[in-house]
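Q:
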Amino acid sequence: MERLTVHTERKQLVGPGELLAEGPFFAGENTYRDGTKIFSSRIGLAEVIGNKFIVVPIKGAYIPRLDDIVVGRITDIGMSGWQVDVDSPYPAMLPASETPLQHGRDSVRRDLSHIYGVGDLMIAQVIAFDRTRDPLLTTKGRGLGKVTSGHVARITPAKIPRIIGKGGSMITMLKNETQTDIIPGQNGVILVIGKNPENESVAVEAIYKIEREAHTSGLTERVKAMIVERMKGKTVG
Amino acid sequence: MSVTHQLSPVAKLEQKTVHDLIVKGKRLDERNALDYRPLTIMLGTIEKANGSAQVYLGKTKVLAGVKIQTGTPFPDTPDEGILTVNAEFVPMASPDFEAGPPGEDSIELARVVDRGIRESKAIDLKKLCVQPGKKVFVVFVDIYVLDHDGNLIDAAGMAALGALISSKMQEFEVKNDELVFKDKIMPLPIRDYPVPITSVKINGSIVLDPCLEEEQVTSCRLTVTTGKDDRICAMQKGGLGVFTPDEVKQIVSTAISKSRDLRQRILSKVN
Amino acid sequence: MGKEQKVPLLDKNGLRVDGRRLDELRPLKLEVGILDKADGSAYIEHGKNKILAAVYGPREAHPKHIALADRAVVRCRYHMAPFSTDERKSPAPSRRELELSKVIRESLEPAIMSEYFPRATIDIIIEVLQADAGTRCAGITAASLALADAGIPMRELVAACAAGKVEGKVVLDLSDIEDKQGDADLPVAFMPKSNVIGLLQMDGSLTEEEFKQALDLATDACRRIYDMQREALKQKYHVVKDEAEKEEVAEVKV
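Chains as they are written, first to last, in our numbering: chain A, 3 to 239; chain B, 1236 to 1506; chain C, 23 to 276.
1. Cβ of Val192/C less than 9 angstroms from any chain B Cβ?
2. Taking 9 angstroms as the threshold (C-beta atoms), are Gln1471/B and Glu1343/B in contact?
3. Report yes or no: is there a C-beta of chain C within less than 9 angstroms of the C-beta of Gln1451/B?
4. For Asp132/A, write down the residues that DSSP places opposite it in a beta bridge.
5. Touching or not, the stretch 159 to 169 of chain A and the stretch 119 to 138 of chain A, by the rule of three or more beta carbon pairs under 8 angstroms?
6. Just to confirm my understanding: we take Glu131/C, look at its own chain, exclude 5 residues before and 5 after, and list those with CB closer than 7 angstroms. What are they?
7. Residues of chain A with a CB under 7 angstroms from the CB of Arg97/C: which are they?
8. Which residue comes first and which comes last in the alpha helix (DSSP H) that contains Ala1398/B?
9. If the cut-off is 7 angstroms on Cβ atoms, which residues from the stretch 115 to 142 of chain A count as contacting chain C, listed in chain order?
10. Consult DSSP for Cys1446/B and reduce its assignment to one of helix, strand or coil.
11. Would you give the residue range spanned by the beta strand (DSSP E) that Thr85/A belongs to?
12. May I have the straight-line CA-CA distance separating Asp87/A from Leu90/C, to the nearest angstrom?
13. Between the C-alpha atoms of Pro1422/B and Val1320/B, what's the straight-line distance to the nearest angstrom?
14. List, in chain order, every chain A residue whose beta-carbon is nearer than 7 angstroms to that of Leu255/C.
15. Return the chain-ordered list of same chain residues with a C-beta closer than 6 angstroms to the C-beta of Val8/A, the five sequence neighbours on each side being excluded.
16. Which of helix, strand or coil does DSSP assign to Gly106/A?
17. For the candidate residues Met172/A, Thr222/A, Ile157/A, Asn198/A, whose alpha-carbon lies nearest to that of Gly190/A?
18. Is it right to say Asp1235/B is buried, meaning 16 or more other beta carbons lie within 10 angstroms of its own, or is it exposed?
19. Helix, strand or coil for Tyr64/A per DSSP?
20. Could you give the distance in angstroms between the alpha-carbon of Glu265/C and the alpha-carbon of Pro163/A?
21. Whole angstroms is fine: what's the gap from Ser42/A's alpha carbon to Gly36/C's?
22. If we cut at 9 angstroms on Cβ distances, does Ile56/C have a partner in chain A?
23. Does any CB atom of chain B fall closer than 9 angstroms to the CB of Thr107/C?
24. Assuming Met1/A and Val204/A are in contact, meaning their beta carbons sit under 8 angstroms apart, how far apart are those beta carbons, in whole angstroms?
25. Would you check if the distance between the CB atom of Leu1447/B and the CB atom of Asp1384/B is smaller than 9 angstroms?
26. Taking the C-alpha atoms as reference points, what is the distance between Leu31/C and Arg118/C?
27. What does Ile88/C touch in chain B if you count any residue whose Cβ is under 7 angstroms from its own?
28. Taking 9 angstroms as the threshold (beta carbon to beta carbon), is Val1477/B in contact with chain C?
29. Grab the span of the alpha helix (DSSP H) containing Pro199/A for me, first residue to last.
30. Can you tell me where the alpha helix (DSSP H) holding Gly161/C begins and where it ends?
31. For Phe1478/B, collect the residues of the same chain with a Cβ closer than 8 angstroms to its Cβ; drop the 5 residues on either side in sequence, then sort them by chain order.
32. Pairs of beta-carbons, one from the stretch 105 to 117 of chain C and one from the stretch 33 to 52 of chain C, closer than 8 angstroms: are there three or more?
33. What's the C-alpha gap between Glu1450/B and Leu1387/B?
34. Check the DSSP bridge columns for Tyr118/A and list the partner residues they point to.
35. For Ile219/C, does the count of other Cβ atoms within 10 angstroms reach 16, so buried, or fall short, so exposed?
36. Using three-state DSSP, classify Tyr1271/B as helix, strand or coil.
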């Protein structure tokens, strides 16, 4: 007789070393298997997907994944590309060949700083990353490239899904209510571009509120109410 | 800051060899799990020092020298002499040792050896007082690692012990508040003989006195220092592995009986 | 100053100077996430110990040559503030602090799943603001929480506590005066779920039997401290659960 026991409730707060289940389940993200038992390895909310246990973490560093959209900052210019800080333990590289066609050619002859300079903010996509080397980025693609205006909010990457919301519900509400465009980088860096700085700062305030209260219910309503309150007495732009 | 050590790359084949042998209950040099390598102890090799000892444990070579000089006592122990232990991992001893200030490994070794001597009260420090609060004798124990083939702590502990028991100093008395040396030589007042015994865990098995190749595949070590009446006076776990409480209790048991053996051998050198 | 007067450490009822029984822990308070800039942090008060632990990481390795190809490098600094002890302590790291930095790192590193972050570093900083015996153990207990607070994957939390011997009796959790005048001090760091010891040191004089008793006292106390650590984490990340989202715990025998 094989023992199959679930020791946790869905969305229960669990910590490192906490027993989630015993039996032929799969150990998913942020869990590990020891013999027949599955344990959590981080603080987060336990979840079951089919017969796989995962823990949705509350906090943690950004580890790049293929195809992630990230918002980063140029920190250095090299011979054939730029070093980009994406708020990760792994500094990213944007090769000159991965920028839109008109920049990519003649990169040897042209001074790369004319294209992107140190301190510039970028939206880029991760095109390569593995355990043996640092992530590679591209700015070829729609919506990618240098950012020239807007406000930046930095939250823990684990909360980005909450900013987006189920089916985009939260981020759509934020955009509509503050009349801004919001680009959430998977690395926890969020770009807010609005008609004026006041709208942008309301959106940023809302984003930090969501990060603080991510694990509570009724959040969308509360955030919306806060935004409406802030937006009163602001000129409709 | 203490930083995770860069490991000297050990060829996977060598690692596997050590593991496989241990599983069969054998070791690289045909030793059993609890056997120490051939041990040679020579006392008094450095005549200018008050005491000295050279220990060869397998190919590991450690030299310890004792110097006894006057100094000021610590405020909270005004009538006691002072013991201070230092260790040098001399660059010639290993391709991995660099010149410079002591690293955490040599500091740890010095402090573990110190604890063994200090906590067993091996030196009768009260007999080293000249004038309470003003002048006492300081016993400097300096450990020199000359050749690193594993188990430096045990070799160093035995060298320090040998140096101490072979230490001589001039008899003294206090006349009119002045330190006056007499014409006789006396031994350093030693009353216990602490011996450290180090066990290591390799792939789940526990062995004693690891050679360097065994140390390189060791997950963790536990040093147990015992005095002459089977009293444990110091212990130190090291390395990134872990021990179960039962393993610890077993290691302590073994160490106590092993230290009796080694103490015998060290004491037999003194006549 | 002169020599301290020796006081009796056990009274006629077998109670200790601070009124505790032989197997009683000093009051212990834990708080998680009290610093803003650090990725993870925790504060502990244990007896009169006041210790802060902070974690940065995983982050880029600087200088690059310390990085390991297959896992994160763990760096640990244990340091005592100059005003933390009776006599002012020089701010320069002492040999004792260097040794403790090493053994503390060796007690936490086995719990950290550092293979998830090759070529990165995880930095653990422990500052003793006020010292009252048992600082390395309290530091480990707090640092564990700081690592968890930073979201660093761990096999489990590490709890630590010292046992010792005072006037011939094996006791738990030495106070300052017991450490100074007592017969033995045995700090232990323990992972209760895995039943393994990551730090073990001892100085003093113990028979084999006394040692076994002291070790058991310390590991049992670590289990209790582990529960307090879990409670502190729950306090920090208190979740307001939507009743509709709860599901019953299922026990199925196949």
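For each residue, glycine too, the CB sits at the ideal point set by N, CA and C.
Computed from a predicted model, the values in this text were never measured in an experiment.
A: Result, derived from the coordinates:
1. no
2. yes
3. no
4. Arg135/A
5. no
6. Val96
7. What Arg97/C touches in chain A: nothing, since even the nearest Cβ is about 13 angstroms away.
8. 1387 to 1400
9. Closer than 7 angstroms at the C-beta level to chain C, one finds these residues of the stretch 115 to 142 of chain A: Arg133.
10. coil
11. For clarity, residue 85/A is Gln in the given sequence; the question names Thr instead. Counting along the chain, the beta strand (DSSP E) containing Gln85/A begins and ends at 83 to 87.
12. 21 angstroms
13. 19 angstroms
14. Here the neighbours are Gly17, Ile45.
15. Ala23
16. Bear in mind that the predicted position of Gly106/A carries a pLDDT of just 49, short of 50, making it too unreliable to give a figure here.
17. Ile157/A
18. Given that chain B is displayed from residue 1236 to residue 1506, the structure contains no residue 1235/B and the question cannot be resolved.
19. coil
20. Summary for Glu265/C: the model assigns pLDDT 33, below 50, so the residue's position carries little reliability; its value from the coordinates is reported in the next sentence. Approximately 22 angstroms between the Cα atoms of the pair.
21. 43 angstroms
22. no
23. no
24. No answer is possible for residue 1/A: it lies beyond the span of chain A, which begins at 3 and ends at 239.
25. yes
26. 26 angstroms
27. Val1238
28. yes
29. 199 to 214
30. 157 to 171
31. Excluding positions up to five away in sequence, the list reads Lys1436, Cys1455, Leu1457, Lys1472, Ile1486.
32. no
33. 10 angstroms
34. According to DSSP, which records beta bridges pairwise, Tyr118/A is partnered with nothing at all.
35. buried
36. coil
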